[in-house]
Amino acid sequence: MKVVVADRNLQGAEEACKEFNTKGQAAWAVQADVGDWESQREAFEIAVERLGRVDYVFPIAGITERPWNAKQPSVSGFVKPNLAVLDVNATGALYTCSLAIQQFRNQEPGKYGFRGKIVVVSSACGFYCIPSLPVYTAAKHSAIVGFVRTHGKLLPEEAITLNAICPTIVKTGISTGDFYDKADAKGLLITIESLVKAFENLLGDCETSGEAIEILPGDDGSRIKERPEYSNEKCKALELKNN
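Note that the UniProt record's numbering has the sequence shown beginning at 1, numbered continuously upward.
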């Protein structure tokens with residue numbers, strides 16, 4: 001197995017690669033700011049140079065909610081909102097998907113008949129409305145899940161698949177230990193095993209594309225999340241393929 005790990009924190013990426021390399025696999029670290037197109041492009045070019053062929057791309061970078069709008073009037077006028085969460089979680093993920101798709105289109109189908117596969121990380125916020133996380137929810141719901149459910153249904157025509165993994169709460173560095181302790185006490189954390197299994201199910205010869213996979217709390221596994229139903233037949237007719 002050959003892997004390239006891209007992260008804004010180069011030291012963290014290098015530490016992750018050390019674990020791969022001690023197990024007889026090949027891994028390289030590269031620095032990238034996912035919210036910056038040029039930074040991502042340069043990192044992806046390095047990945048292609050290292051790997052030659054790219055079979056899987058996993059856009060997983062993300063940041064949590066920030067105070068996005070001024071709470072108090074400013075004497076100097078209107079204040080520009082902080083949309084960094086959209087820059088990273090939405091625009092950054094779409095940049096990665098764009099790079100992956102462009103690369104896949106330059107490749108012939110591989111062992112399992114696909115040019116390549118993308119599994120992007122969304123969130124349970126891709127389905128459920130969390131009032132305290134408005135911009136984060138907008139990124140995961142409207143941008144990621146919406147993009148995957150639409151474009152992911154067209155890409156198989158080019159032997160490419162695109163899906164989203166949507167976990168509830170995973171213990172990562174994105175939040176504090178106290179938050180995770182409270183979530184764990186309520187049985188809301190998902191197991192790493194469930195998360196890894198959901199990714200693995202979408203690899204290899206899996207033909208699934210255009211789906212959002214919900215990872216259930218605890219060790220209850222995962223499922224393809226149902227799409228919203230059409231209100232009537234006229235609404236269903238809106239789903240037209242634009243050539």
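All residues carry an ideal CB built from backbone N, CA and C; glycine is no exception.
- Going by beta carbons, E214 and A124 fall inside the 8 Å limit.
- Taking 8 Å as the upper bound for CB-CB distance, N21 and A13 are not in contact here, some 12 Å apart.
- In this structure, K225 places its C-beta atom within 8 Å of the C-beta atom of F127.
- Contact between V135 and L86 holds: CB atoms are separated by about 6 Å, below the 8 Å threshold.
- Rounded to the nearest angstrom, the Cβ distance from A47 to Q40 is 10 Å, too far for a contact under 8 Å.
- By alpha-carbon distance to A16, the top candidate from G24, K23, Q25 and V5 is V5.
- The region 100-117 and the region 203-212 touch, with three or more beta-carbon pairs separated by less than 8 Å.
- Rounded to whole angstroms, the separation of the alpha carbons of C166 and N9 is 24 Å.
- Per DSSP, the beta-bridge partners of R223 are E214.
- DSSP lists no bridge partner for Q72.
- When C-beta atoms of the region 142-157 are compared with those of the region 191-202, fewer than three pairs fall below 8 Å, so the two segments do not count as touching.
- In the DSSP secondary-structure assignment, I169 is bridged to L189.
- For S132, the number of other beta carbons within 10 angstroms of its own is below 16, and it is reported as exposed.
- Here D55 is not near G152, since their CB atoms are 8 Å or more apart.
- By the Cβ rule, the region 80-99 counts as touching the region 52-68, because three or more pairs are nearer than 8 Å.
- The alpha carbon of P67 has as its nearest neighbour, out of L83, I130, E108 and K197, the alpha carbon of L83.
- In the three-state reduction of the DSSP assignment, V3 falls in the strand class.
- C-alpha of L155 to C-alpha of S122: approximately 19 Å in a straight line.
- In this structure, DSSP gives V79 a state outside helix and strand, which the three-state scheme calls coil.
- Here I192 is not near P217, since their CB atoms are 8 Å or more apart.
- Beta-carbon to beta-carbon, L188 and V170 are separated by about 10 Å, too far to satisfy the 8 Å threshold.
- When DSSP reads this structure, N163 sits in a beta bridge with V119.
- Restricting attention to K2, T137, G221 and P73, the CA atom closest to the CA of R53 is found in K2.
- Leaving aside the five residues that flank K236 on each side, the residues in its chain whose CB is nearer than 7 Å to its CB run, in chain order, Y230.
- Cβ neighbours of E45 within its own chain (closer than 7 Å, five residues either side excluded): none.
- About 5 Å separates the Cβ atoms of A164 and A212, confirming a contact at the 8 Å cut-off.
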